[in-house]
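Worksheet: one structure, shown below.
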Amino acid sequence: MHKQTTLISRSLIAPLVLLAPAISLAQVDTSDWKCESCPFDEGYRAEVDAGATHVGEDGAIRFGNATGYDDKGGYVNVDGHGRYAADGYQLDWTIEDLGLDSRVFQLDGGRQGSFGFHVGYRELPYRRFDTTRTVFNPSSSDTITLPSGWVPAGITSNMTQLSSSLRRQIIGSDRQIIDLGADWMPARDFRVFADFRRQNRDGIDITGGSSFTQSSLLPRWLDYETDQIDAGVQYGTNRASLTLAYYGSYFTNQNPSLTWDTPFTFAPGSGQYRMAMAPDNDFQQVSLSGAYRATQWDTVVAFTLASGSGEQNEPLLPYSIDGSGGALPQSSLNGKVDTANYALTVTSRPLPKGRIKFAYRFDERDNKTLQSDWTRVITDLVAFGEVEQNVPYSFERSTITLSGELVVWKGIRVSAGGERKEIKRDFQEVAEQTIDAGWGQVRWRPLAWLDLRVKGGATERDIDRYNESVAISFGQNPLMRKYNLAYRYRSYGELIASITPVDSPVSFGTTVLYADDRYNKSQLGMTDSEEVRATVDVSWAVSENSSLYLVYGHENIDALQLGSEQLDVWDWSATHDDSFDHIGAGFHWSQPDGKYRLRFDFNRGDGETSIDVFSLSGGQSRL
C-alpha cells in the first residue's frame with residue numbers, strides 16, 4: 085500500500101512579552117501580539133491512502149454484502165481526508181472506499197458561529213442471494229415473462245422446460261444517498277437550518293405471486309426514490325432553547341404494479357396475473373420543541389408539539405387483469421392519516437439528595453380514509469363474491485409518569501414511580517383501555533465492589549367493555565378474550581446483584597425475576613401465567629486491550645388457557661410450559677492504536693415447549 089501525505093501550513097512567530105505588575109492593563113497594546121502555540125489550524129493539509137485487494141472465492145457475494153467486495157477479482161481502493169482553514173473559514177473533505185460500491189464522500193465547510201454547509205454521497209450494496217435460479221426474465225419495467233417455448237403444467241415435475249430454462253439471478257439491491265444541508269446564524273442566538281436527502285434504491289428482490297392453489301417466487305425489479313426534507317429555525321441561550329421545524333418525506337415507486345406470466349396450466353385467456361406494489365405516498369409534519377432550565381431546584385422543563393399528515397392517493401388496479409369482477413367503488417383510496425404528538429417533561433432536584441421527574445405524552449393517529457364496500461378477491465382471476473369494508477384503524481394514547489429518587493443513607497438509594505396509560509381504539513374488541521402501574525426500588529452499595537438492587541411492582545390493565553360483536557363477525561367465540569386486550573393484573577419482583585472487586589480484573593453479575601399475570605375477568609382464553617427468569621454473567625479484563633465474557637440465562641413460562649367447543653363455559657383446558665436456555669461467550673481484542681481489532685462471539689439458544697390438553701369429553705393428552 086502506498087501512502088502519501090501533503091502538509092502545507094503557516095507558522096506563527098510570537099515574542100515573549102514581560103510586563104511589570106505596576107503597569108495598568110489599559111496601557112498594554114496587544115495589536116501586534118501573536119501566538120506560536122495556539123491550536124488554530126491554518127493552511128491546507130491532506131492525507132490519502134491507496135491500496136489494492138484481491139478476492140478469490142466464488143462465494144464473495146456474502147462477504148461483499150454492504151462492503152462492495154461482492155465478486156472475485158481485484159479491487160483498487162482509495163481513502164483520504166483533508167482540511168483547509170484560513171481566517172476562521174474551514175473546508176473538510178473525506179472519501180472512503182472510492183473504488184468500491186460502498187463508497188462515501190463528505191464535504192463540510194463554513195465559518196464557526198456564522199454559517200455552515202455539507203454535501204454527502206454514499207452507496208450501500210445489499211447482496212441477499214447469489215445461488216438463486218429462476219425461469220422468469222425480469223425486465224426493467226413492471227413485467228416478468230417466461231422464456232419462449234415454455235410448456236406450462238400443473239406441477240413442477242411435469243414442466244418439461246424447467247431444467248433447461250433455469251438461469252442464475254443475483255438477488256440484491258444498491259442504494260445511492262445524496263445529502264445536502266446548510267445552516268446560517270443571522271444573529272447570536274438564532275440559527276436557520278435546512279437539510280435534504282434523496283435515496284434511490286434499485287435492484288432485484290423476491291416476492292410471492294399466487295394463482296389460487298399454486299404460487300411462484302418472482303424476481304421483481306425495485307426502483308424506489310425517497311426524498312426527505314428537514315428544515316427549521318432555532319433559538320438558543322444558556323438557559324433556554326426553542327426550535328420550529330418542518331419535516332417532509334416523499335416516496336415514489338417507479339413500478340407501482342407487477343405483471344407476470346404464470347408457469348402453471350391455465351384456462352384460455354388467463355395466462356397473466358397482476359398485483360399492486362407499494363404506492364407513492366408522502367408524510368409532512370410541523371413541530372415545535374423547546375427546553376428551559378431554571379435555577380430554582382435545578383429544574384429543567386422540556387416540551388414537544390408535533391402535528392403531521394400522511395396521504396396516499398394512487399390509482400387502484402381493477403379487481404382483475406381481464407376486466408371481470410365489476411367496477412371499483414372508487415378509483416383511488418384517497419387515504420389520509422393525521423398524527424399528533426405532544427410531550428412534556430419536568431425534572432427537578434428539590435432536595436440536595438433527591439430528584440423527581442414528571443412526564444406526559446400524547447400520541448394520536450386519526451385515520452380519515454373513507455370506508456367503502458369492496459368485493460373480496462382471492463387471486464387476480466378468482467373473486468370470492470362477498471362484500472367487505474376497509475377498516476381505517478385509529479387510536480389515541482396518553483401516558484402520565486411520575487418518579488422520584490432519594491439518597492436516604494450513605495450507599496442507599498430509594499426510588500419509586502407510577503404510570504397511568506389510557507388507550508382508545510377504533511374497530512377493535514376493546515374501545516378504551518387503562519393501564520395503571522407502580523414500582524419501587526432500593527439500591528444498596530454496602531461496599532465499593534458490591535451493588536445490590538431490589539425492585540418490585542404491579543400493573544393493572546382494565547377495560548371499559550369488551551365488544552363481543554367484533555368476535556362474532558370474525559366467527560370467533562364471543563366469550564373468548566384476547567390476552568393483549570383482556571383485563572390483567574401483573575405483579576413482579578426482581579433482584580439484581582453486581583460484584584466488581586477493585587483489585588481484580590474479574591466481575592460478576594446476576595438477575596432474578598419473578599412475575600405473575602392474572603386474567604381474572606376472562607372466561608375463555610388466557611387465565612393466568614407465571615414467569616421465572618435468571619441470568620448470570622462473568623467478565624474478565626485479561627489486559628487493557630482484551631477481554632473475555634460468559635453469560636447464561638434461563639427462563640420458564642407457565643400459562644393456563646381455557647376454551648370451549650360449544651360457545652359456552654369452558655369444556656377444555658391447555659397448560660403451556662415453555663422453557664428457554666441461552667448461553668453466550670466471547671473474546672474481544674484490539675491494538676492500542678485501534679488499527680486492528682478481533683472479536684469472537686458465540687450464542688446458543690434452546691427452547692422446549694410442552695402442552696397438556698385436558699378435555700371434559702376426551703380426557704388428557706400431551707402435545
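Counting from 85, one number per residue, gives the positions in the sequence shown under the numbering used here. C-beta: ideal position from N, C-alpha, C; glycine also. Nothing here was measured: the structure is a model prediction, and the numbers come from that model.
With respect to ILE496, TRP528 sits close: the two C-beta atoms are nearer than 9 Å. Shown here for ARG212: same chain residues with a beta carbon closer than 6 Å to its own, the five before and five after excluded, namely ILE255 and GLY256 in chain order.
In the three-state scheme derived from DSSP, where H, G and I count as helix and E and B as strand, ARG282 is classed as strand. Closest by C-alpha distance to LEU230, out of ALA237, THR453, ASP163 and SER249, is SER249. Distance from the CA of GLN338 to the CA of ASP226, rounded to the nearest whole angstrom, comes to 9 Å. Using a Cβ distance threshold of 9 Å, PRO222 and ARG129 do not count as a contacting pair. Three or more beta-carbon pairs drawn from the stretch 441-452 and the stretch 409-425 are found closer than 8 Å, and the two stretches are therefore classed as touching. Sequence-distant Cβ neighbours of SER482 in its own chain, meaning closer than 6 Å and more than five residues away, are PHE446 and GLU506. Linking ASP601 to TYR477 through their CA atoms gives a straight-line distance of about 28 Å. When Cβ pairs closer than 8 Å are counted between the two stretches, the stretch 595-609 is seen to touch the stretch 563-580, the count reaching three or more. Under the three-state reduction of DSSP, ILE507 is assigned to strand. Between the beta-carbon of ARG259 and that of ASN242 there is about 41 Å, and that puts the pair past the 8 Å contact cut.
GLU309 is positioned such that its CB atom lies closer than 9 Å to that of THR336. Here DSSP, grouped into helix, strand and coil, assigns ARG683 to strand. Collapsing the DSSP output to three states places GLU552 in a helix. DSSP places LEU246 in the uninterrupted alpha helix (DSSP H) bounded by 246-249. Shown here for GLY374: same chain residues with a beta carbon closer than 8 Å to its own, the five before and five after excluded, namely ALA324, SER325, LEU326, THR327, ALA386 and PHE387 in chain order. With a beta-carbon spacing of about 5 Å, THR595 and ILE580 fall inside the 8 Å limit used to define contacts. VAL475 and ASN568 have their alpha carbons spaced roughly 20 Å apart. Counting only runs of 3 or more residues that sit fully inside the stretch 350-428, the beta strand (DSSP E) segments are 356-360, 365-378 and 383-396, in chain order. Residue environment: ILE462 is assigned as exposed (fewer than 16 neighbouring CB atoms within 10 Å of its CB, all protein chains considered). Below 8 Å, too few C-beta pairs join the stretch 674-684 and the stretch 634-654 to call them touching: fewer than three. Check the Cα spacing between ASP154 and each of GLY200, TYR210 and GLY127: the tightest is with TYR210.
If you compare the alpha carbons of TRP656, SER391 and PHE189 with that of ASP163, the shortest gap goes to PHE189.
Within its own chain, the residues whose Cβ lies closer than 7 Å to the Cβ of GLY172, once the five positions on either side in sequence are excluded, are ARG195 and GLN196, listed in chain order. Around the C-beta of ASP661, fewer than 16 other C-beta atoms lie within 10 Å, and the residue is accordingly described as exposed. The beta carbons of GLY593 and VAL622 sit closer together than 9 Å.
By DSSP's assignment, ASN221 forms a beta bridge with THR229.
By the Cβ-count criterion, GLY689 is exposed, with fewer than 16 other Cβ atoms from all chains shown falling within 10 Å of its own Cβ. Non-local beta-carbon contacts of GLN253 in its own chain, meaning distances under 6 Å to residues more than five positions away in sequence, involve THR216, THR218 and PRO303 in chain order.
Under the DSSP assignment, VAL475 falls outside any beta strand (DSSP E); it carries neither an H nor an E label. Taking C-beta separations shorter than 7 Å and ignoring five residues to either side along the sequence, the partners of VAL492 in its chain run VAL498, following chain order. Contact between GLN525 and VAL538 is confirmed by a C-beta separation of about 7 Å, below the 8 Å threshold. GLU692 and ALA599 have their C-alpha atoms spaced approximately 20 Å apart. Burial check for GLU513: the Cβ neighbour count within 10 Å reaches 16 or more, so the residue is buried.
Here THR240 carries a helix assignment [DSSP, helix/strand/coil].
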